[in-house]
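Counting in this note's numbering, the sequence shown runs from 3 upward without gaps. Note that beta-carbon positions come from the ideal geometry of N, C-alpha and C, so glycine has one too. Note that this is a predicted model, so its numbers are computed, not measured. See structure below.
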Amino acid sequence: MASRLEQVRAWLLELQDRISEAFSAEDPAAALAEDTWERTGGGGGRTRILAGGEVIERGGVNFSHVHGDALPPAATAHRPELAGRSFHALGVSVVVHPLNPYVPASHCNVRHFVAEAPGEAPVWWFGGGFDLTPYYGFESDVRDWHRTAAALCGEFGDDVYPRFKDWCDRYFFIKHRGEARGVGGLFFDDLDEWGFERCFRFARAVGQGYHDAYLPIVRRRRETPWTGREREFQLVRRGRYVEFNLVCDRGTLFGLQSGGRAESILMSLPPLVRWRYDWKPAPGTPEAELAERYLRPRDWLDVS
């Protein structure tokens, strides 16, 4: 199992390098800061933050590998049979909050868990995915995003994209608001059904697919003119992003419960955000169109 961990760890560090280098090349004006941290209970990570750019207002590309004597509650709530096992949890998390309201925010995560108990075979699985959070919707962007997701899933079975797309729609749903966070993508967890090599290959395809799907959208929208109206709406919608991450997201809870570095875990939050009491967009506006047309699960592959 140690050799598998080393194999996954090496790839995750390479993925972090590749994505952070791609974002730096896309936005040279963004300042890149890196720090490493250690967890008292075991393990640590490497955090990279981009900020203040012409495209990226703030983004993070974070690697972590933590281990300990017992999985935290966020990891065992849906798998109680693993309670009390020692664990290794490693992954890369990516979040981008662009400056231009016409460029959607994006998120990608690829992670690997191993849970062990004396005298028993290790239990391992992969999880992750990627999702898109636009403030102003463009069907061509969402179509291309989902077509990339469907294409990378293709070699793993005809049911994989529909299953993980539906899982993403259900997971990134803000229950207390009764609305989706964005337009979805892929989400999977507890993936071990194909054997280690095939599951690992799928995780690698997801990491590459995120890069392939997102950067063309950034390039397509980054020069779109915007005004204070669009900025105001972006900040309000970012509030929904914050609410999901702090109230609903299992990854945030796991990171905090496992003693991870709070600054690195909360890098997923945008630098500026606004809450306006009981605010709703005026009917017939582009702002209203987001909820009416885009924040509803649908088959995006059929969009022309």
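Integer-rounded CB distance, given that residue j should sit under 8 Å from residue i
i       : j       : result
Ala-32  : Gly-54  : 6 Å
Trp-302 : Val-57  : So it is not a contact: roughly 24 Å between Cβ atoms.
Leu-92  : Arg-11  : 6 Å
Arg-183 : Arg-242 : 6 Å
Phe-198 : Arg-6   : 6 Å
Val-105 : Arg-223 : 5 Å
Cutoff 7 Å; reference residue i; Cβ partners in own chain excluding five residues on either side
i       : result
Leu-15  : Phe-65
Ile-21  : Val-63, Val-96 and His-213
Asp-37  : Thr-49
Arg-149 : Leu-303
Asp-194 : Trp-126, Trp-127 and Cys-201
Glu-141 : Val-305
Ala-24  : His-213 and Leu-217
Gly-70  : Gly-43, Gly-44, Ser-88, Phe-89 and Ser-260
Trp-281 : Val-238
Ala-207 : Leu-154
Val-162 : Cys-155
Cβ pair residue i, residue j closer than 7 Å
i       : j       : result
Val-185 : Arg-240 : no
Pro-136 : Trp-228 : no
Pro-218 : Glu-59  : no
Leu-292 : Gly-139 : yes
Leu-188 : Ala-151 : yes
Leu-154 : Gly-230 : no
Glu-289 : Phe-235 : yes
Asp-29  : Gly-129 : no
Cys-170 : Gly-131 : yes
Trp-39  : Gly-46  : yes
Asn-247 : Ser-270 : yes
Glu-181 : Leu-297 : yes
Beta-carbon proximity list for residue i, same chain, < 6 Å, skipping 5 on both sides
i       : result
Arg-216 : One point to set straight first is that residue 216 is Tyr, not Arg, in the sequence displayed. Closer than 6 Å at the Cβ level, and outside the excluded window around Tyr-216, lie Ser-108.
Val-94  : Leu-14, Leu-17, Gln-18, Phe-65 and Val-112
Pro-283 : Glu-289 and Ala-290
Leu-34  : Ser-26 and Leu-52
Ser-260 : Val-68 and Pro-74
Trp-147 : Leu-134 and Ala-215
Ala-205 : Val-112 and Phe-128
Trp-277 : Gly-241
Ala-79  : none
Val-220 : Val-105
Phe-158 : Phe-204
His-99  : Glu-59, Arg-60, Ala-107 and Pro-272
Asp-251 : none
Val-244 : Leu-271 and Val-275
Cys-110 : Val-96, Phe-132 and Tyr-212
Neighbour flag for residue i against chain C, beta carbons, 7 Å
i      : result
Arg-11 : Any reference to chain C falls outside this structure, which holds one protein chain only.
Cβ-based neighbour list, residue i, same chain, cut-off 8 Å, excluding 5 preceding and 5 following
i       : result
Arg-300 : none
Asp-168 : Pro-299
Leu-84  : Leu-73, Ala-77, Thr-78, Ala-117 and Val-125
Every unbroken alpha helix (DSSP H) within the region 127-206, with a cutoff of 4 residues, ordered by chain | Scanning the region 127-206 from its first residue to its last, the whole alpha helix (DSSP H) runs of 4-plus residues come out as 141-155 and 162-173.
Decide yes or no for the touch test of the region 80-97 against the region 117-131: beta carbon pairs closer than 8 Å, at least 3 of them.
-> When C-beta atoms of the region 80-97 are compared with those of the region 117-131, three or more pairs fall below 8 Å, so the two segments count as touching.
Only counting runs of 3 or more residues, tell me where the beta strand (DSSP E) segments fall wholly within the region 47-79, in order along the chain.
-> As far as the region 47-79 is concerned, its whole beta strand (DSSP E) runs of at least 3 residues are 58-70.
Kindly confirm or deny that the region 171-183 and the region 120-128 touch, where touching means at least three C-beta pairs closer than 8 Å.
-> Contact fails: fewer than three Cβ-Cβ distances are below 8 Å.
Are at least three pairs of beta-carbons, each pair with one atom in the region 75-82 and one in the region 244-258, less than 8 Å apart?
-> Yes, the region 75-82 is in contact with the region 244-258.
Contiguous alpha helix (DSSP H) assignments of at least 4 residues, all confined to the region 210-256 | Every alpha helix (DSSP H) of 4 residues or more that sits fully in the region 210-256 is shown, in chain order, as 230-245.
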